[in-house]
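Numbering (our numbering), first residue to last: 392 to 854.
Backbone N, C-alpha and C define an ideal beta-carbon position, used for all residues, glycine too.
Following: one structure in structure tokens, then a few remarks.
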């Protein structure tokens with residue numbers, strides 16, 4: 392009996408040992424899958440590398456990005472989308488007298504994804520939907536071609552081995568869906584024109600997106616890849632990126648009398664610092680009675696707080712190209728950066744998918760800006776001063792002479808047409824703003840006609 396009991400004990404121990412070994416092997420296998428970051432290199436994935444614009448914003452090709460999201464995480468994204476947008480729409484942007492809701496972009500949920508480019512994978516990358524009225528409008532219409540934001544180390548706390556993951560030096564990037572733009576070009580061309588005119592503006596390039604949510608890759612169409620202002624724009628286009636960066640959104644973004652609201656001056660840098668004195672000072676200067684009682688003092692104070700010349704340069708370019716979805720019509724779509732070089736708040740344009748057309752909400756502003764009232768004081772008050780109006784006029788002329796040149800723009804549009812044509816024609820129902828192939832062709836032709844008409848309009852205005 393003792394031998395039988397001993398034998399039983401030995402057999403039991405052997406079974407436990409074998410089972411333990413199998414569990415250990417399984418754990419090793421799972422651990423191998425989780426920690427197999429074989430594509431990781433310093434150049435492609437770490438924050439030791441400088442942002443590589445030649446790869447990420449390569450201009451002569453259409454980049455391809457593949458995003459793989461688990462079915463469970465995809466369900467989380469869709470539930471969050473339905474909860475926030477539902478049937479009631481949401482933040483649509485607006486302005487004084489504009490009637491729109493003036494809240495910030497939706498606060499959409501982040502989920503991890505696998506992100507692939509050129510046969511290389513980035514791991515557990517944060518992805519979420521992004522946008523304002525473009526997001527709600529597309530969602531309500533049943534169009535699945537929505538914009539995304541990427542953050543390559545959003546989940547570094549959950550995956551410490553991915554600490555400070557980057558995409559060729561970039562932490563965050565935007566995949567903008569070219570909302571309501573059959574040409575697929577306005578987002579990119581608008582941003583590029585500002586930068587070519589010497590203004591701070593995000594880098595852009597064209598890309599196509601494939602999304603696999605557990606059922607295989609789905610072609611989402613042609614997107615515009617847009618650089619993040621508070622990630623690398625400040626670092627690459629200013630000598631010092633340590634200043635306060637604001638993204639005004641809501642009535643306060645108009646700077647009209649009685650609108651100042653710190654909560655609508657969203658800080659995108661130095662968030663832990665509760666000092667908003669720079670942007671509040673600008674507001675107080677703008678609405679000060681000095682403007683009418685001591686104009687020289689008002690101008691001096693304004694020029695000590697705001698890069699006035701830069702604002703007038705932006706205003707000229709923005710009005711010539713016709714970009715209605717921003718200051719002067721809508722209370723959003725710009726940043727203010729307190730440049731440490733001169734301690735001046737500098738205007739940075741943002742979100743240009745509605746540029747290069749007469750526009751909605753009553754159309755774009757006229758070149759004379761005569762219809763703009765005191766509800767948009769940075770336009771009205773400056774244009775009421777002869778010196779500033781003359782600077783603005785000179786910049787409208789300079790813009791068409793040096794940047795918005797008809798022959799150059801027509802050639803650019805033709806080049807982009809050839810670059811995008813195959814991918815544009817391949818867009819699928821439910822994932823496009825192009826109703827038929829000729830719709831793309833006609834939209835590009837309209838851009839060519841538009842640049843000529845705007846050049847003629849400037850000449851008529853100046854003379």
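Measuring only the C-alpha atoms, how far is residue i from residue j?
i: residue 460; j: residue 515; result: 9 Å
i: residue 625; j: residue 684; result: 37 Å
i: residue 743; j: residue 708; result: 12 Å
i: residue 679; j: residue 569; result: 40 Å
i: residue 580; j: residue 676; result: 34 Å
i: residue 479; j: residue 645; result: Residue placement at residue 479 is poorly supported in this model, since its pLDDT is 44, which falls under 50; the coordinates are not used for a value here.
i: residue 566; j: residue 539; result: 5 Å
i: residue 585; j: residue 686; result: 30 Å
i: residue 576; j: residue 522; result: 18 Å
i: residue 802; j: residue 808; result: 10 Å
i: residue 482; j: residue 816; result: For residue 482, the predicted model reports a pLDDT of 40, less than 50, meaning its position is unreliable and no value from the coordinates is stated.
i: residue 736; j: residue 604; result: 43 Å
i: residue 848; j: residue 434; result: 48 Å
i: residue 453; j: residue 706; result: 31 Å
i: residue 846; j: residue 588; result: 16 Å
i: residue 794; j: residue 641; result: 32 Å
i: residue 813; j: residue 456; result: 17 Å
i: residue 740; j: residue 518; result: 24 Å
i: residue 622; j: residue 854; result: 42 Å
i: residue 555; j: residue 791; result: 43 Å
i: residue 660; j: residue 711; result: 31 Å
i: residue 844; j: residue 806; result: 20 Å
What are the boundary residues of the beta strand (DSSP E) that includes residue i?
i: residue 600; result: 595 to 603
i: residue 657; result: 656 to 658
i: residue 507; result: 502 to 508
So residue i is in the alpha helix (DSSP H); what residue range does that whole segment cover?
i: residue 807; result: 797 to 816
i: residue 646; result: Careful: residue 646 lies outside any alpha helix (DSSP H) and carries neither H nor E.
i: residue 790; result: 777 to 793
i: residue 636; result: Here residue 636 belongs to no alpha helix (DSSP H); instead the beta strand (DSSP E) covers 636 to 639.
i: residue 525; result: 524 to 532
i: residue 473; result: 462 to 476
i: residue 382; result: The chain is shown only over 392 to 854; residue 382 falls outside these bounds and no answer can be derived.
i: residue 445; result: 444 to 447
i: residue 768; result: 768 to 774
i: residue 365; result: Shown here, the chain extends from 392 to 854; a query on residue 365 therefore has no answer.
i: residue 668; result: 668 to 678
i: residue 585; result: 577 to 587
i: residue 681; result: 681 to 684
Starting from residue i, follow its DSSP beta bridges and name the residues at the other end.
i: residue 827; result: Answer is none; residue 827 lacks a bridge partner.
i: residue 456; result: 600
i: residue 618; result: 564
i: residue 737; result: 728
i: residue 542; result: 517 and 563
i: residue 558; result: 561
i: residue 612; result: 600
i: residue 511; result: 508
i: residue 714; result: 746
i: residue 697; result: 736
If you compare alpha carbons, which of the options is closest to residue i?
i: residue 553; options: 528, 469 and 431; result: 431
i: residue 769; options: 808, 786, 832 and 701; result: 701
i: residue 838; options: 745, 599 and 650; result: 745
i: residue 634; options: 642, 850, 658 and 505; result: 658
i: residue 648; options: 627, 673, 654 and 628; result: 673
i: residue 505; options: 427, 664, 442 and 723; result: 427
i: residue 439; options: 551, 451, 559 and 512; result: 559
i: residue 682; options: 774, 853 and 500; result: 774
i: residue 753; options: 542, 600 and 714; result: 714
i: residue 583; options: 800, 853, 703 and 833; result: 800
i: residue 851; options: 502, 437 and 758; result: 758
i: residue 572; options: 835, 740, 513 and 628; result: 835
i: residue 691; options: 661, 778, 726 and 622; result: 778
i: residue 780; options: 469, 703 and 729; result: 703
i: residue 608; options: 831, 445 and 462; result: 462
i: residue 557; options: 710, 441 and 724; result: 441
i: residue 663; options: 650, 636 and 498; result: 636
i: residue 511; options: 429, 497 and 821; result: 429
i: residue 542; options: 564, 535 and 437; result: 564
i: residue 695; options: 732, 820 and 762; result: 732
i: residue 448; options: 437, 561, 750 and 525; result: 561
**Message:** For the structure I just gave you, are there three or more beta carbon pairs, one from the region 609 to 627 and one from the region 594 to 601, closer than 8 Å?
**Reply:** yes
**Message:** Any contact between the region 824 to 841 and the region 784 to 796? By contact I mean 3 or more CB pairs, one from each, below 8 Å.
**Reply:** no
**Request:** Decide if the region 709 to 718 is in contact with the region 751 to 771; the criterion is three or more beta carbon pairs, one per stretch, under 8 Å apart.
**Result:** yes
**Prompt:** Would the region 466 to 478 and the region 522 to 532 be scored as touching if the rule is three or more Cβ pairs under 8 Å?
**Reply:** yes
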